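The numbering of the sequence shown is the numbering used here, which starts it at 30 and goes up by one.
Taking it in order: structure first as structure tokens, then the write-up.
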Amino acid sequence: MPTVDLAHDDAGDGPAVVLIHGHPFNRSMWAPQLAALSAGDHGAGDHGAGDHGAGDHGDRYRVIVPDLRGYGDSPVTPGTVPMAELAADVSHLLDGKGIATAALVGLSMGGLVVMELAAAQPDRWWACGFIATTAARSTPQEREARLASARTLDEQGMTPVAEEMAARLFGPSPAPELEAAVMAMMLATNPAGAAAAVRGRAERPDYQPVLAALGAPALVCTGDHDSYSTAEITRELAGCLPDPEVVLLEGVGHLPNLEQPDEFNRHLRGFLGRALT
30 MPTVDLAHDD AGDGPAVVLI HGHPFNRSMW APQLAALSAG DHGAGDHGAG DHGAGDHGDR
90 YRVIVPDLRG YGDSPVTPGT VPMAELAADV SHLLDGKGIA TAALVGLSMG GLVVMELAAA
150 QPDRWWACGF IATTAARSTP QEREARLASA RTLDEQGMTP VAEEMAARLF GPSPAPELEA
210 AVMAMMLATN PAGAAAAVRG RAERPDYQPV LAALGAPALV CTGDHDSYST AEITRELAGC
270 LPDPEVVLLE GVGHLPNLEQ PDEFNRHLRG FLGRALT
């Protein structure tokens, strides 16, 4: 399957960080992180050109945030799009920008894309963040559920899938405006693009050997009310990694970067800074 050119944001200067969204979202889900990482901890106006010594990036990064194939403003490929193809598109994007090395941060399905990239080019990534995701192969039950979800997307569009997910996405006290924004994001997704990725995800391999061999520093982050990436799933993922930094955010569900953006950003910035030292 040939690669496609991904719609994306590219902001800031410094070491490259790639933020990879989940399903059925788009790159706008990383807006708080794009702003914080590209501007730095104290805001865009607080760092003059002479604030840091040679080779010291401070806390500023070049942040690349793509829409995966089938999502947001990126091209749609109907049928089945394996996770490896989503990863190849991201690699193609970075190649086109001349970015030789980057940190990867992926949420849920985006975490699977990070694992695919780590498997394909293990020496390219200086850090990997696995947010609300899993490393295990699909069980037969999960495979059937995902294929059924893909059929629903094809036959009924985004609404039933978005409504089912919305009931499980958040912690006990989400902000109403966040719920509304996430629902709008999901409903804006192309059903054919989402269905193709869901079918690809149903056939995902076991990523545990990839994680066991990972040489880059790793962050594992989830919320304590995540009904998708449960405590057991997260423990299993972290247990595959040589020396992970594990963060559990309280009172949030499957979107910790949006439910607690300031706390999430604090942990992510700290992790990235330590990975570079």
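By construction, the Cβ of each residue, glycine as well, lies at the ideal position given by its N, Cα and C atoms.
Given the structure is predicted, the values throughout are model-derived calculations rather than measurements.
Residue i to residue j span [Cα, whole Å]
i, j, result
"Met187", "Ser137", "18 Å"
"Tyr257", "Thr251", "10 Å"
"Ala310", "Thr109", "Because the chain here runs from 30 to 306, residue 310 falls outside it and cannot be looked at."
"Ala156", "Thr218", "29 Å"
"Pro169", "Pro205", "36 Å"
"Phe300", "Glu184", "43 Å"
"Gly200", "Phe293", "15 Å"
"Ala149", "His121", "12 Å"
"Ala224", "Leu182", "6 Å"
"Gly125", "Glu145", "19 Å"
"Ala179", "Phe159", "24 Å"
Where residue i sits in the DSSP three-state scheme
i, result
"Ala159", "Going by the sequence as given, residue 159 is Phe instead of Ala. In the structure shown, Phe159 sits in a strand (DSSP, three-state: E or B)."
"Val33", "coil"
"Ala195", "helix"
"Pro271", "coil"
"Pro169", "helix"
"Phe293", "helix"
"Gly302", "helix"
"Pro285", "helix"
Residues bridged to residue i [DSSP beta-bridge criterion]
i, result
"Ile49", "Gly135"
"Gly252", "Leu278"
"Ala247", "Cys157"
"Pro107", "None; Pro107 has no bridge partner."
"Ile128", "Answer by DSSP bridge pairing: none, since Ile128 is not bridged."
"Pro95", "His37"
Own chain partners of residue i with C-beta closer than 7 Å, once the 5 adjacent residues on each side are dropped
i, result
"Pro203", "Glu288"
"Pro111", "Gly229, Glu232"
"Met214", "Phe54, Asn55, Ser57, Met58"
"Pro238", "none"
"His296", "Cys250, Val276"
"Asp255", "Ala161, Gly282, His283"
"Leu16", "No answer is possible for residue 16: it lies beyond the span of the chain, which begins at 30 and ends at 306."
Same chain only: Cβ atoms within 8 Å of residue i, ignoring 5 sequence neighbours per side
i, result
"Asp235", "Ala164, Ala165, Arg166"
"Leu216", "Met187, Thr188, Ala191"
"Ala267", "Val249, Pro273, Val275"
Residue i Cβ short of 8 Å to the ligand HEM heavy atom set
i, result
"Thr188", "Within the structure as shown, the ligand HEM is missing, as the structure has no ligands at all."
Residues near residue i in its chain [Cβ-Cβ closer than 6 Å; skip 5 each side]
i, result
"Ala60", "none"
"Asp39", "Ile93"
"Ser103", "Leu35, Ala36, Asp96"
"Gly135", "Ile49, Val142, Val143"
"Val33", "Arg98, Pro104, Asp118"
"Glu114", "Met30"
"Pro290", "Pro61"
Quiz item: Touching or not, the stretch 157 to 171 and the stretch 186 to 195, by the rule of three or more beta carbon pairs under 8 Å?
Solution: Because the criterion of three Cβ pairs below 8 Å is not met, the stretch 157 to 171 and the stretch 186 to 195 do not touch.
Quiz item: Just checking, does the stretch 127 to 135 make contact with the stretch 31 to 51 on the three C-beta pairs under 8 Å criterion?
Solution: The stretch 127 to 135 vs the stretch 31 to 51: in contact.
Exercise. Could you tell me whether the stretch 236 to 244 touches the stretch 270 to 281, using the rule of 3 or more Cβ pairs below 8 Å?
Key: In short, these stretches touch, since the Cβ pair count reaches three.
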